[in-house]
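I have placed the structure first, in the form of structure tokens, so that the comments after it can refer back to it.
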Amino acid sequence: MVAASVTGLAARRLTSGYTAAMVLLGVGVSLLPLMVSNYILTFVLQALMACALAGSWNLISGFTGYVSFGHAAFFGLGAYAAGIAIAKAAVPAPVAIASAAIVAGCAGLCLGYPALRLRGPYFAVGMLGVAEALRVGITVAEPVTGGGRGLVMPPQDVLLPAYFSMLALVVLIVAITRAVATRPVGLRLLAIREDEVAAEVTGIQTTRLKLVAFATSATLAGVAGGIYAWHMSYIDPTTVFAGSLTVRAIAMTMLGGQGTVFGPVIGSVVLSVIGEVTWARFPFLHNAVSGALIVVIVLFIPRGVTGVLQDRGVLPRSRTL
Amino acid sequence: MTATSPPPILATEGVTKRFGGVVAVDGVSIGIQAGTVTGLIGPNGSGKSTLFRLVSGEIPPDSGRVLLRGEAVQGRGASEINRLGIGRTFQLSRLYPQMSALENLVAVTRAPAAVAQARAMDVLEFVGLTALADEYAANLSYGQQKLVEFARVLVNDPDVILLDEPFAGVNPAMEERIIDRVHDLRRAGKTFLITDHEMRLIMALCSRLVVLDHGELIADGTPQAVRADPKVIEAYFGS
Ligand SMILES: Nc1ncnc2c1ncn2[C@@H]1O[C@H](COP(=O)(O)OP(=O)(O)OP(=O)(O)O)[C@@H](O)[C@H]1O
Ligand SMILES: [Mg+2]
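If you're matching them up, the sequences are chains E and C in order.
Numbering (the numbering used here) for the first sequence: 222 to 542.
Numbering (the numbering used here) for the second sequence: 3 to 241.
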């Protein structure tokens, strides 16, 4: 099955080279505002947002195998927490984004506690139901949320600060993922994915680990939602709780490689660029393509691009990738 | 058991487990002394693996108690029971397939992160698996997987070790290695409960045998006594 495996010095060189390429990508994205138009910046900001969603989804679903179809719930909650704080209390952006983190994180704890008792498809569909219920809840709570017509904040031009905030979030998510993946705790999360019963019997505290990973994932998705609300100055339930946000995060993570450090980055770069030049103007098609892609990946490259490159001996099987 | 023997480190008291109509384990009471190697034998389907699952907390008993150092632990959950000092292998190895042998041990070790790798390597060396440390579990042979799983149990230094058919599908050289390690660990004070169908090995290893048939304890004693027990002969060779 494994054609070749890279080891020793070659492996270390490849690993550093790969990591350096990712750092360069980050530096490039941070210098971009000096060089390109606002149109392109807005596109890259969307790609960064998708990357943040994919990376945060990866922390729970990619590592533990608890595939959530409701990740958008936390993005939406974060967006509304920040949006309401800005619209009703006129708080500065950092406070709004902090409230997004807190609300989404607490929701992650409260929802994760019961939901993570479900396994496999029950968890996936349960989370889908949660996202849908929250969308309806926000729509109904019109006096606070603006209901289906959406929530309007005072318009302000924050493209650049939002851009750098989203970039910082992506860097933070990658840093957290790397810290987890290269320590025993990352292996424990993967053990839950590989065989949860064996994980329990070998003494891994699966319930606690899953909950921490889930709440962290929810917090980070909430921050992405907060930055989004701040940047857009307008949010509505259909957009911020959209299933397509989740589906795209899943497709990107799976394409890059679940449970890897840079997989979600690779997946979001590839799919954002391809999406922009092909089907972006047809939102319906966009979702269909993402969905179809997930099926194809699951069937043919379940470990994503990273896994394929590792199996072919192009990349070493290092947890830092 | 005489009045002078110390309290058992592990005991079951009337433990019962039903699956639908099948009583897989039926009111089993066993006490195991620390520092001994006990064999748990019985025909296919007699309830050995189910008893292991009950003791390790993978499933709760319908009734009865599991006592570790005199304390009731049934219903505590597998992870907690493992942390209290009961380690167990599975009849069919359940390694984490997409992890190397070394990572399988690092994942479960409770040694501090900084020394986790070193601790795992030490244990792999103890069972003679250093050369396979970086091999992915999915690529290991059946026998190698059994040995890695044994090592994975040892990495947290449990007081009580349950081995479910450790010799099934294992070649003679590796059999010997497992037997040697069990003897080493017993001398260091560890307690073993081992199931296997290979009587030659069980006889060589165990100072005491307990026998299950249809979920019930039918014999308990020295290997010689159990082998001569008519009920045991009936269970194995009767219809
Ligand atoms: N999860 C389950 N659901 C239903 N029946 C089960 C389950 N697990 C075990 N059984 C039944 O319980 C009985 C005991 O099974 P168990 O696996 O404990 O036997 P065993 O002594 O380990 O056998 P073997 O020597 O073949 O490994 C069998 O009749 C089996 O069919
Ligand atoms: Mg069995």
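The beta-carbon is built from N, C-alpha and C at its ideal position, and this holds for glycine as well.
Same chain, Cβ closer than 6 Å to residue i, neighbours up to 5 away in sequence not counted
i	result
L530 (chain E)	L536
N279 (chain E)	T474 and P485
A26 (chain C)	K19, G49, T52 and G217
A116 (chain C)	none
P99 (chain C)	A139 and A140
L203 (chain C)	F169
G44 (chain C)	K50, V213, L214 and D215
F503 (chain E)	none
7 Å Cβ cut-off: residues of chain C touching residue i
i	result
L408 (chain E)	M101, E105, V108 and A109
V422 (chain E)	S58, E60, A80, N84 and R90
Q426 (chain E)	S81
Backbone CA spacing between residue i and residue j [nearest angstrom]
i	j	result
D64 (chain C)	A241 (chain E)	57 Å
M123 (chain C)	A420 (chain E)	20 Å
T360 (chain E)	V461 (chain E)	12 Å
A273 (chain E)	I394 (chain E)	7 Å
R228 (chain C)	T14 (chain C)	At residue 228 (chain C) the sequence reads Val, which differs from the Arg that was named. The straight-line gap from Cα to Cα measures roughly 20 Å.
A113 (chain C)	N259 (chain E)	51 Å
L42 (chain C)	H507 (chain E)	59 Å
D182 (chain C)	A237 (chain C)	30 Å
P376 (chain E)	Y334 (chain E)	38 Å
A412 (chain E)	T285 (chain E)	7 Å
I397 (chain E)	V75 (chain C)	36 Å
V30 (chain C)	T228 (chain E)	52 Å
I515 (chain E)	A271 (chain E)	16 Å
S143 (chain C)	R469 (chain E)	39 Å
A354 (chain E)	A345 (chain E)	14 Å
S237 (chain E)	A352 (chain E)	39 Å
G37 (chain C)	F54 (chain C)	18 Å
K309 (chain E)	G367 (chain E)	11 Å
R404 (chain E)	P254 (chain E)	35 Å
L337 (chain E)	T428 (chain E)	8 Å
T197 (chain C)	E167 (chain C)	5 Å
R78 (chain C)	G59 (chain C)	7 Å
F239 (chain C)	G276 (chain E)	60 Å
G447 (chain E)	L164 (chain C)	51 Å
7 Å CB neighbourhood of residue i in its chain, flanking five on each side removed
i	result
D231 (chain C)	A221
A328 (chain E)	F295, L298 and A439
L107 (chain C)	A122, V125, L126, A153, R154 and V157
Chain C residues whose Cβ lies nearer than 8 Å to that of residue i
i	result
V418 (chain E)	E60, A80 and R96
E353 (chain E)	Within 8 Å Cβ-Cβ: nothing; E353 (chain E) doesn't reach chain C, min ~32 Å.
Proximal residues of chain E, C-beta to C-beta of residue i below 9 Å
i	result
R121 (chain C)	Neighbours of R121 (chain C) on chain E: none; closest Cβ ~10 Å, over 9 Å.
Own chain residues within Cβ distance below 8 Å of residue i, not counting five before or after
i	result
S251 (chain E)	F385 and L388
R179 (chain C)	V129, G130 and L149
L266 (chain E)	L380, A383, Y384, M387 and H452
M222 (chain E)	Because M222 (chain E) carries a pLDDT of 37, less than 50, the predicted location of this residue cannot be relied on, and the following value inherits that uncertainty. Within the same chain, M222 (chain E) has close Cβ partners D532.
Chain E contact residues for residue i, given Cβ-Cβ distances below 8 Å
i	result
A135 (chain C)	In chain order: nothing, as chain E lies at least about 12 Å away.
A115 (chain C)	R404, P405 and V406
R112 (chain C)	G424
Local Cβ density within 10 Å of residue i, reported as buried at 16 or more and exposed below that
i	result
K233 (chain C)	exposed
M374 (chain E)	buried
M348 (chain E)	buried
T91 (chain C)	buried
N46 (chain C)	exposed
N84 (chain C)	buried
M176 (chain C)	buried
V498 (chain E)	exposed
L242 (chain C)	There is simply no residue 242 (chain C) to check, as chain C begins at 3 and stops at 241 in what is shown.
G488 (chain E)	buried
E415 (chain E)	buried
M101 (chain C)	buried
C331 (chain E)	exposed
L12 (chain C)	buried
S209 (chain C)	exposed
Residues that residue i contacts on chain A, provided the C-beta gap is smaller than 7 Å
i	result
A153 (chain C)	The displayed structure is made up of protein chains E and C, and chain A is not among them.
Within chain C, partners of residue i - CB distance below 9 Å
i	result
L411 (chain E)	Y98, Q100, M101, E105 and A109
E363 (chain E)	Those do not exist, as E363 (chain E) stays about 44 Å from chain C at its closest Cβ, beyond 9 Å.
Residues that residue i contacts on chain E, provided the C-beta gap is smaller than 7 Å
i	result
A118 (chain C)	P405
Handout entry: Contacting positions in the stretch 377-409 of chain E - beta carbon closer than 7 Å to chain C
Key = R404, P405, L408 and R409
Practice task
Below 8 Å between beta carbons is the criterion; list the residues of the stretch 154-188 of chain C that meet it against any residue of chain E, in chain order.
Solution key: R154, V155 and N158
Handout entry: Proximal residues, the stretch 506-522 of chain E versus chain C, C-beta separation under 7 Å
Key = none
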